[in-house]
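Protein chains in written order, with my numbering: chain C, 1 to 367; chain Y, 1001 to 1367. See structure below.
Protein chains: 2
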Amino acid sequence: MEFRRQVTIAQVAREAGVSTVTVSRVINHRPDVAPDTRRRVEQVIGRLGYQPNAIARSLISQHSHTLGVVASRLDYYGPSRILVGVEQKSSELGYALLLCMQHQPESGDVEPILNHLLSQQVEGVIWAVPEIGDNRAWISERAAHLQVPIIFLNMDPHSNLPVVAGDNYLGGQMATRHLLEQGYRKIGAITGPINEWEACQRYLGWRDTLIEAGITIRDCQVFEGDWSAASGERGARLLLADCPELDAIFAMNDQMAMGLLSAVNEAGLSVPRHLAIVGYDDMPESAFLLPPLTTIRQHLRDVGRTAVSLLQSRISEGAVLDYARQAQLETNDALASASFSPDPILIAPELVIRQSSIRRSEQDKLR
Amino acid sequence: MEFRRQVTIAQVAREAGVSTVTVSRVINHRPDVAPDTRRRVEQVIGRLGYQPNAIARSLISQHSHTLGVVASRLDYYGPSRILVGVEQKSSELGYALLLCMQHQPESGDVEPILNHLLSQQVEGVIWAVPEIGDNRAWISERAAHLQVPIIFLNMDPHSNLPVVAGDNYLGGQMATRHLLEQGYRKIGAITGPINEWEACQRYLGWRDTLIEAGITIRDCQVFEGDWSAASGERGARLLLADCPELDAIFAMNDQMAMGLLSAVNEAGLSVPRHLAIVGYDDMPESAFLLPPLTTIRQHLRDVGRTAVSLLQSRISEGAVLDYARQAQLETNDALASASFSPDPILIAPELVIRQSSIRRSEQDKLR
DNA sequence: CTGAAAGCGCTTACAG
DNA sequence: CTGAAAGCGCTTACAG
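Structure follows, in structure tokens:
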């Protein structure tokens, strides 16, 4: 395999017998070029296969047209869906995408990642690492005076920061209300790691809904899993042993619901006859479980897309601000409009009803 | 939110009372700086929060330290695992990663993607789009004289190109041999889209193994799915209807195996009593199906990691070549060593035996 | 040990 | 309509 060197604008100019400025004008589709000059230059460009050097352009124009996305656990369903949305929207808007993993999302050690992205001159950052424990501690001292705008995904919208998130509290409510409506009263829960924001919100949605319905919750009714199917299986065994009166269990993701299903089956019980089950995520496989799984569908691709839209508007505001500064205008107006922090965007999930949670009376009809 | 402008080397130099060259030497840990000069500069760097501009560095040093990865179907299990491996190894080697999606992988329209990556001056490309139909047609005229090395993933290793792939043919053989060893003889197949290389290899592995065993294959024994669980369900219905004598089915990914399981259950049959099942992929969920699924585990993360290692060695070879050219040396040696194309790297999969394919006699023991 | 000069590939004023 | 000059932020020789 043989590698050619990159063709430069200077070579094109020489071959076409014009100056580099003129070549630049042609590349950028400026109107002020004589028709036949344009044609001549375009021919040379085609012949040499010239491609403008985006790095040189970035340096002079002070715009990298690049966004950074910081993700983690990409081999899980949720994070990869979000990344797909982020990529789609970025590419639609003409941004290149620099991908960074935070391999230990629970640590708050973000300096190397931020420094890497900033040194690459990204124009904005999508922070798609889940909120775990205090892994947002850095925000207060760092994010406030970062050089570029940053959008946070699936994080607690407390601190007046731009956040786009699935409404996990609502999802938890929806799942629980659905079970109540179907006539179930003793509803157990297998949660995700409760120090993760998403897990905690789903848990609170479940808890508050039961409390509002006047149902008291016993400790033995809750098991804290780790999102894995294996933990769902373990949780199921414990709940069935400690709390045999349960008539339903809300597993707070589909993988744990699968482990739960497996354990319930092993115990010789049938779903939903002896125990109703609701999951969370609506993975493509969940419709094909035995029985098909009722679950909460998240529109994660939209979370990713929305985040990029929001980021772009922040970037534009920043540009306005820069312009105002540079022009030494009275900047108050620009500052006011640019520092306007929109309400956090919560994206509502959707209840997908399948057989695993059917009402008892309906079950009888079916047979 | 307020954005600061980037600090430049010139500002650091001014503040520290030295020239920019000296600052540069400090940043790059050159030895030839007086100890207290170094300290003074480092202090200013710390105080101003100076970060070298990677774009300017790339331009002058002619090295972007960036790799491009072209992927598709990231919301599927396989592709996202591969990406994880690619990212891990890239970051270990100090490369930034530019992510590009080919949203329609079946089209061979790769010019925009290649041009984008090349204009971004990536030092190498990982082509992680699956081979579908003739979506590799562009290789013959384009890849051979690309400016940068490119590694192909999960592609037919025919054309003396650098390829890293899972050994799907071997995987197909392993699944089928396992079923034969367990005493099954009438083994149906639900394949992926047969114009995809991976699907086709698994199919051929299955077919050849049966032929070698002296078993004739009837047309009604094969169904072509599209990787989705829904297609697995459809396929199962057809196979069960047209070929009722089947005692096993090899579903060539786990999602289709799930659809198959669901349909078999609906038909009132039990697995593996009436029908044994083997899948392909070993998704984390597959151990928790009812019954747990025997499947072929691919080491996709290793595929990604290996690809990046190979890419790096190609990049180094290219550097050697450049040096040789530049020094006007007798380039034959360098050329010879650099154009050395290694054998395609096939990564062997692994059989994971679970209950869905247990031997009939074993089943009797279990009850 | 330190700095003035040149230049990576491009674009933005400015002058003709 | 066209081009000479300056410069984006950095590094690489070269000279002291």
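Cβ coordinates follow ideal geometry from the N, Cα and C atoms, glycine included.
Between the options, which has its C-alpha nearest residue i's C-alpha?
i	options	result
T1191(Y)	Y1203(Y), Y1184(Y) and S1316(Y)	Y1203(Y)
S90(C)	L67(C), F152(C), Q104(C) and A54(C)	L67(C)
G172(C)	E141(C), A199(C) and Y95(C)	A199(C)
A143(C)	T216(C), W127(C) and N154(C)	W127(C)
R375(C)	N28(C), P79(C) and E42(C)	An answer regarding residue 375(C) cannot be provided, because it is not within the stretch 1 to 367 covered by chain C.
G235(C)	E224(C), E245(C) and P244(C)	E224(C)
R297(C)	A307(C), E285(C) and A263(C)	E285(C)
H63(C)	Y1076(Y), Q1120(Y) and V1018(Y)	Q1120(Y)
T176(C)	I277(C), E42(C) and V44(C)	I277(C)
I9(C)	N53(C), Q147(C), S262(C) and L290(C)	N53(C)
What would DSSP say about residue i, mapped onto helix, strand or coil?
i	result
M256(C)	helix
M155(C)	coil
W227(C)	coil
D282(C)	coil
E1196(Y)	strand
R1297(Y)	strand
I132(C)	strand
T306(C)	helix
A348(C)	coil
L161(C)	coil
L74(C)	coil
V84(C)	helix
V222(C)	strand
A189(C)	strand
G183(C)	coil
Take residue i and list the residues in its own chain whose beta-carbon comes closer than 6 Å to its own, dropping the five residues that flank it on each side.
i	result
M1252(Y)	T1191, G1192, R1202 and Y1280
A189(C)	W206, V222 and F250
A229(C)	Q255, M258 and G259
A137(C)	G108
H299(C)	I347
Y1050(Y)	V1007 and V1012
R1040(Y)	A1016
Considering only residues of the same chain and omitting the five flanking positions on each side of residue i, which have a CB-CB separation below 7 Å?
i	result
V1021(Y)	none
D1156(Y)	E1131 and W1197
Q1328(Y)	Confidence is the limiting factor: at Q1328(Y) the pLDDT is only 44, short of 50, which leaves the residue's position unreliable, though a coordinate-based value still follows. If we look at Q1328(Y) and ignore the five residues flanking it on each side, it has no Cβ neighbours.
L238(C)	F223
R1185(Y)	I1215 and D1247
Check whether chain C comes within 8 Å of residue i, counting only Cβ atoms and requiring the distance to be less than that.
i	result
R1265(Y)	Residue 1265(Y) is actually Asn in this sequence, not Arg. N1265(Y) counts as touching chain C.
L1275(Y)	no
S1080(Y)	yes
A1327(Y)	A caution first: A1327(Y) carries a pLDDT of 45, below 50, which makes its placement in the model too unreliable to give a value.
A1013(Y)	no
S1072(Y)	no
I1009(Y)	no
Is the CB of residue i under 8 Å away from at least one CB in chain Y?
i	result
M174(C)	no
S58(C)	yes
N28(C)	no
A96(C)	yes
S356(C)	no
S91(C)	yes
So residue i contacts chain Y; which residues on that side make the cut at Cβ distance below 7 Å?
i	result
G166(C)	Neighbours of G166(C) on chain Y: none; closest Cβ ~16 Å, over 7 Å.
S64(C)	I1055
S262(C)	F1288 and L1290
N154(C)	By Cβ distance, chain Y contributes nothing, its closest Cβ being about 17 Å from N154(C), past 7 Å.
Taking residue i as the query, report the chain C residues whose CB atoms sit under 7 Å from its CB, ordered along the chain.
i	result
D1075(Y)	S80, R81 and V84
S1119(Y)	Q51, P52, N53 and A54
E1087(Y)	L99 and M101
Q1006(Y)	Q147
N1115(Y)	Q51
Residue i versus chain Y: which residues are under 9 Å apart at the beta carbon?
i	result
Q255(C)	P1284, E1285 and F1288
Skipping 5 residues on each side, what residues in its chain have a beta carbon closer than 8 Å to that of residue i?
i	result
R305(C)	G85, V86, Q88 and K89
D226(C)	G192 and P193
R1073(Y)	P1079, P1105 and P1130
D1032(Y)	R1025
H1178(Y)	V1278, T1294, L1351, I1353 and S1357
Against residue i, what residues of chain Y qualify as contacts under a CB-to-CB distance less than 8 Å, listed in chain order?
i	result
G259(C)	F1288
E233(C)	F1288
S61(C)	Correct list: empty, because the minimum Cβ distance to chain Y is about 11 Å.
Which residues in chain C have a C-beta closer than 8 Å to the C-beta of residue i? List them in chain order.
i	result
A1229(Y)	P284, E285, A287 and F288
Quick one: which chain C residues come within Cβ less than 9 Å of residue i?
i	result
S1019(Y)	Neighbours of S1019(Y) on chain C: none; closest Cβ ~21 Å, over 9 Å.
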